[in-house]
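Enquirer: Numbering (the working numbering), first residue to last: 133 to 292.
1) Looking at the C-beta of residue 252, does it have a partner C-beta in chain D at a distance below 8 Å?
2) Using the beta-carbon count (16 or more within 10 Å), is residue 184 buried or exposed?
3) Under the DSSP definition of a beta bridge, which residues are partnered with residue 262?
4) Could you tell me the distance, in whole angstroms, from the CA atom of residue 150 to the CA atom of residue 177?
5) Taking a contact to mean a Cβ-Cβ separation below 8 Å, would you say residue 305 touches residue 231 in this structure?
6) Hey, how far is the Cα of residue 147 from the Cα of residue 157?
7) Thinking C-beta only, is residue 257 closer than 8 Å to residue 291?
8) Output the residue ranges of the alpha helix (DSSP H) runs that lie fully inside the stretch 188-235 and measure 4 residues or longer, sorted by chain position.
9) Under 6 Å Cβ to Cβ from residue 285, same chain only, skipping five residues before and after it: list those, please.
10) Excluding the 5 residues flanking residue 246 on each side, which residues of the same chain have their C-beta closer than 7 Å to its C-beta?
11) Express the C-alpha separation of residue 242 and residue 235 in angstroms, rounding to a whole number.
12) Report the partner residues of residue 176 according to the DSSP bridge assignment.
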């Protein structure tokens, strides 16, 4: 004779219920880990951009302190400067210190061409630019950018 199962006889959870709940929890934890990784990557990118702003205004302060030479073009670079200049003038020393500080804030070697700076002053209007490799932020899984296309640039224009 067939006897229907009573709800009173069932106790605990079946193995399939436990496996499904573990699977749902594992997927949730993987999602949390992915969000944490993205937050870390974006935080690093933001730190580098903030460093670029600070370094641009650092060299600008040095140029304002040496205004006559800056207006005469003593701080100008021909394009992006990736290696520290070796001249003995105050402008060359300021540019070398600026570039060393910029590369130091990014943690790259002095001979690394992934972090560069440019200065162009014409008639008292100065363009200060910094570029760097932000591959940690853009080469995430699923990113549309390719490995060689991760350069970021900060440019500011000021009047001395």
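The beta carbon of each residue, even a glycine, is placed where N, CA and C say it ideally should be.
Predicted, not measured: the structure shown is a model, and the values here were computed from it.
Expert: Considering the structure as presented:
1) The structure shown contains no chain D; it holds only a single protein chain.
2) By one-based count along the chain shown, residue 184 stands at place 52. Buried.
3) Within the chain shown, the letter at position 130 stands for residue 262. Per DSSP, 249, 286.
4) Residue numbering aside, residue 150 sits at position 18 when the chain shown is read from its first letter. Residue numbering aside, residue 177 sits at position 45 when the chain shown is read from its first letter. Cα to Cα, residue 150 sits roughly 41 Å from residue 177.
5) Here the chain comprises residues numbered 133 to 292, so residue 305 is not present and cannot be evaluated.
6) Against the chain shown, residue 147 aligns to sequence position 15. Against the chain shown, residue 157 aligns to sequence position 25. Distance between the alpha carbons of residue 147 and residue 157 is about 15 Å.
7) Residue mapping note: residue 291 aligns to position 159 of the chain shown, counting from 1. Residue mapping note: residue 257 aligns to position 125 of the chain shown, counting from 1. Taking 8 Å as the Cβ cut-off, residue 291 and residue 257 qualify as a contacting pair.
8) 199-203
9) The residue you call residue 285 lines up with position 153 of the chain shown. These residues qualify, in order along the chain: 263.
10) Taking the chain shown and counting its residues from 1, the one referred to as residue 246 is at position 114. Cβ within range, chain order: 240, 264, 265.
11) Looking up residue 235 in the chain shown gives position 103. Looking up residue 242 in the chain shown gives position 110. Cα to Cα, residue 235 sits roughly 7 Å from residue 242.
12) Here residue 176 refers to the residue found at position 44 of the chain shown. For residue 176, which the question treats as bridged, DSSP gives no partner whatsoever.
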